[in-house]
Structures are given as structure tokens and as C-alpha cells.
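For reference, the structure discussed in these notes is given below.
Protein chains in written order, with the numbering used here: chain F, 1 to 112; chain H, 113 to 225.
This is the structure:
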């Protein structure tokens, strides 16, 4: 079964700082990779996804993620965060049968 | 644009009571899912239904049952609620296929006393 690891569960940073959240997975086959965001009191929303092709994926709200196959990683980045980026971020991995394995999440707090 | 609709949004139960959480989607998706979200644990899959007429256990199915009533609706039942089932429950749906993202409902916050 696949597993997903997210590090640094709690991240606190100031506006305009850069953000990088790590995601590592364990699965030997072809995977589909996702980042979801959950704003306070809301449901999960898709930020971006990777299936194939260019390993640098751009998502909504200025987020991007890079798939590095050799490192089994799919790290999320944003060059300059805003207060409105305060949320919990989840990495998810799917081997292709519609089932997703989620990481435990990164709680990100952006201080104005 | 309803998407995935969950009812109720909040519920408090006593230990041993039964409860059914309802989920409906209007996106004509084949696959539906039930997750629970607990602090520091992320989302864990309880049950899923790859298509109408099929259901399968996920990571944490004990204490739960599901029914895929039709293509739109997928309900989750707690027959005898326990305090360990206090959680936020999310329903999701997706098109069938390997590249399809899941769309989530707003969640049901369930407390078991």
C-alpha cells in the first residue's frame, strides 16, 4: 500500500516569505499526485495535480509543485505568501485506481 | 453549482446511538468516498464506491457501514456510535479513471458523548 509523508506539520511565516512544503511517497509504480488545500472551516479544494509530462506543475493562487521521480517527492512551493494562504495543505497520492492516500497535512499560518 | 452535498453539518450523539450521514453529488460521478479527518491524522478512507452497485472497505472501516443508494447518493451509517468516532466526516466524488481528482463536500462534524 502506498504511504505519504509530509514534514513540518506546523509552519508559521510572515507575509511575502517563500513557502515550501515537502511531500514524499512510497509506491513503486506510476502514481498520480495531488495537493489539496483546506481553508479554515471549509472543505478540501484541489490546488494542483500531476499525472505525466512536465514535472513542474502550476496550480491556482500562484502555487507550483515539482515532481522528482528519483526522490519520490512532490514538493509544493509558493514564492511569496499572503495572509489568505493560511490553511492546511494535504499531499495525496493515487496509484491509479481512484483511491488516494493522504498525508497528515501541513498547518500553515501566515502572519500579516 | 451544488457539487457534493452532505447532511447534516453538525450532529451530537450519545454512545450507542445510531446515525446515517447522507451524501449526494450532482456531477454524474461514478466513484464516491467517505473519509474521516482527525487532528494530526490527515484524511483516512473509511469506505469507497468505485461505481454504482459496488462498495469496498478503506483504511478504517470498522464500526461503519455504507450504502450506494444510486449513482448520486452514498450514505455512511454508524450502527452503535462510540466516542472514538468523534470526527469530521467528508464525502467526496470523482469520475472513474486514473487521473480524476476528487471533489469534496463541506463535511459533517460529529461528536459522540
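For glycine and all other residues, C-beta sits at the position ideal for the given N, C-alpha and C. Bear in mind that the values here come from a model prediction, so they are computed numbers and not experimental data.
Problem set entry | Minimum C-alpha distance to residue 4 of chain F - residue among F:41, F:56 and F:27 | Ranking F:41, F:56 and F:27 by Cα distance to residue 4 of chain F puts F:27 first.
Exercise. Does the beta-carbon distance from residue 64 of chain F to residue 71 of chain F come in below 8 Å?
Worked result: No, these two residues do not count as a Cβ contact at 8 Å.
Exercise. Rounded to a whole number of angstroms, what is the C-alpha to C-alpha distance between residue 112 of chain F and residue 36 of chain F?
Worked result: The straight-line gap from Cα to Cα measures roughly 23 Å.
Problem set entry | CB-CB length for residue 60 of chain F against residue 44 of chain F, believed under 8 Å | That belief does not hold up - the Cβ atoms of residue 60 of chain F and residue 44 of chain F are roughly 13 Å apart, past 8 Å.
For this session: Report all residues from its chain with a CB closer than 6 Å to the CB of residue 21 of chain F; omit the five preceding and five following residues, and keep chain order.
Result: If we look at residue 21 of chain F and ignore the five residues flanking it on each side, its Cβ neighbours are 76, 89 and 106.
Exercise. Which of the three DSSP states, helix, strand or coil, is assigned to residue 70 of chain F?
Worked result: Helix at residue 70 of chain F.
For this session: Check whether the Cβ of residue 160 of chain H lies closer than 8 Å to any Cβ atom in chain F.
Result: Against chain F, the CB of residue 160 of chain H has a partner CB under 8 Å away; the residue lies at that interface.
Exercise. Any idea if residue 34 of chain F is buried or exposed, counting beta-carbon neighbours within 10 angstroms, 16 or more meaning buried?
Worked result: Classification of residue 34 of chain F: buried, given that the 10 Å Cβ count is 16 or more.
Problem set entry | Per-residue DSSP class, three states only, for residue 207 of chain H | Coil.
Exercise. With 8 Å set as the bound, which would you pick, yes or no: does the beta-carbon of residue 63 of chain F sit closer than that to a beta-carbon of chain A?
Worked result: No chain A is present in this structure, whose protein chains are F and H.
Exercise. Whose Cβ in chain F lies nearer than 7 Å to the Cβ of residue 123 of chain H?
Worked result: Here the premise fails: no neighbours, minimum Cβ distance about 17 Å.
Problem set entry | residue 185 of chain H versus H:129, H:191 and H:164, residue with shortest Cα-Cα distance | Ranking H:129, H:191 and H:164 by CA distance to the CA of residue 185 of chain H puts H:164 first.
Exercise. Any Cβ of chain F within less than 8 Å of the Cβ of residue 214 of chain H?
Worked result: Interface flag for residue 214 of chain H against chain F is set, since a Cβ pair is found closer than 8 Å.
Problem set entry | Ranges of the beta strand (DSSP E) found wholly within the segment 5-61 of chain F, counting only runs of at least 3 | You should have 10-14, 19-21, 23-26, 32-38, 45-50 and 56-58.
Exercise. Quick one: Cα of residue 201 of chain H to Cα of residue 16 of chain F, how far?
Worked result: Their Cα atoms are separated by approximately 34 Å.
For this session: Within its chain, find whatever has a CB closer than 6 Å to the CB of residue 125 of chain H; leave out the 5 residues flanking it on each side and keep chain order.
Result: So the list reads 131, 193 and 224, once near-sequence residues are dropped.
For this session: Keeping to the same chain, check which residues put their C-beta closer than 6 Å to that of residue 50 of chain F; ignore five residues upstream and five downstream.
Result: 33, 57 and 67, listed in sequence order.
Exercise. Helix, strand or coil: how does DSSP classify residue 197 of chain H here?
Worked result: Here residue 197 of chain H sits in helix by DSSP.
For this session: Can you tell me which of H:217, H:208 and H:122 puts its alpha carbon nearest to the alpha carbon of residue 140 of chain H?
Result: Comparing alpha-carbon positions, the option among H:217, H:208 and H:122 lying closest to residue 140 of chain H turns out to be H:208.
For this session: Could you tell me the distance, in whole angstroms, from the CA atom of residue 171 of chain H to the CA atom of residue 188 of chain H?
Result: Those two C-alpha atoms are separated by around 15 Å.
For this session: Go through its chain and collect everything with a Cβ distance to residue 168 of chain H's Cβ below 8 Å, but skip five positions before and after it.
Result: The answer, listed in chain order, is 159, 160, 161 and 162.
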